[in-house]
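Residue numbers (my numbering): 1052 to 1211.
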């Protein structure tokens, strides 16, 4: 999808997700952030916390879905939309499918593990009874730059 096809409110929600991603990076986690929006309000948010929580499932998307489910007192979120800074992996795409979100918007594509077309398309397999719209590329450069800077910093020799 072209950047000019996104609405102004989409940019605001993605900027919030980017702020959460920055928080993850500051905490030493891979900088990914996610927000769940319903009826114009944030009902859930999360940032990567796998290291801090000793939990391989503590991806930004999963934590945002948990927060939204607790907030709305429901495990189904059909009136909700997620914004996430990086194309989700298979685990997160499956969680979004089971939560029944109607749409997911992501920033940077992930050609190695992205499950919405970056590496492969999990929804494209047609194995689930729920489908959701997904759009990529919103503030992709900002998302990708944050990830590149994070990993570049990790690769610098300790003796610099």
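Beta carbons are placed, not taken as given, at the ideal position from N, Cα and C, and that holds for glycine.
- Where does residue 1143 fall in DSSP's three states? Here the question's residue 1143 lines up with position 92 in the chain shown. DSSP places residue 1143 in helix when its eight states are reduced to three.
- Task: Assign residue 1103 to one of two classes, buried (16 or more other C-beta atoms within 10 Å of its C-beta) or exposed (fewer than that).
- Result: Locating residue 1103 in the chain shown gives position 52, where the first residue counts as 1. Exposed is the call here.
- Item | Segment contact, 8 Å Cβ cut-off, at least three pairs: the stretch 1078-1096 with the stretch 1115-1134 | yes
- Item | Neighbourhood of residue 1147 by C-beta, 8 Å cutoff - its chain only, sequence neighbours within 5 removed | Here residue 1147 refers to the residue found at position 96 of the chain shown. For residue 1147, where only same-chain residues beyond five positions count, the Cβ hits under 8 Å are 1112, 1116, 1133, 1139, 1155, 1183.
- Query: DSSP beta-bridge partners for residue 1132?
  - Reply: By one-based count along the chain shown, residue 1132 stands at place 81. Note: residue 1132 sits in a beta bridge opposite 1088, 1154.
- Rounded to a whole number of angstroms, what is the C-alpha to C-alpha distance between residue 1171 and residue 1061? If you number the chain shown from 1, residue 1171 lands on position 120. If you number the chain shown from 1, residue 1061 lands on position 10. Going by the C-alpha atoms only, they are around 25 Å apart.
- Query: From residue 1071 to residue 1177, what distance separates their C-alpha atoms?
  - Reply: For the purposes of this step, residue 1071 is taken as residue 20 along the chain shown, with counting starting at 1. For the purposes of this step, residue 1177 is taken as residue 126 along the chain shown, with counting starting at 1. The straight-line gap from Cα to Cα measures roughly 32 Å.
- What residues match up with residue 1172 in a beta bridge as DSSP calls it? As a working mapping, residue 1172 is identified with position 121 in the chain shown. Answer by DSSP bridge pairing, in chain order: 1167.
- Query: Of all the options 1152, 1094, 1173, which has the alpha carbon lying nearest to the alpha carbon of residue 1124?
  - Reply: Numbered from 1 along the chain shown, position 73 holds the residue referred to as residue 1124. Checking every option, the nearest Cα to that of residue 1124 belongs to 1094.
- Determine the direct distance from the alpha carbon of residue 1105 to that of residue 1135, and round the result to whole angstroms. To locate residue 1135, count along the chain shown from 1; it is residue 84. To locate residue 1105, count along the chain shown from 1; it is residue 54. Each residue's alpha carbon lies about 22 Å from the other.
- Tell me, to the nearest whole angstrom, how far the beta carbon of residue 1100 is from that of residue 1077; I am working on the premise that it is less than 8 Å. Along the chain shown, one-based indexing puts residue 1100 at 49. Along the chain shown, one-based indexing puts residue 1077 at 26. Not confirmed; about 12 Å, so no contact.
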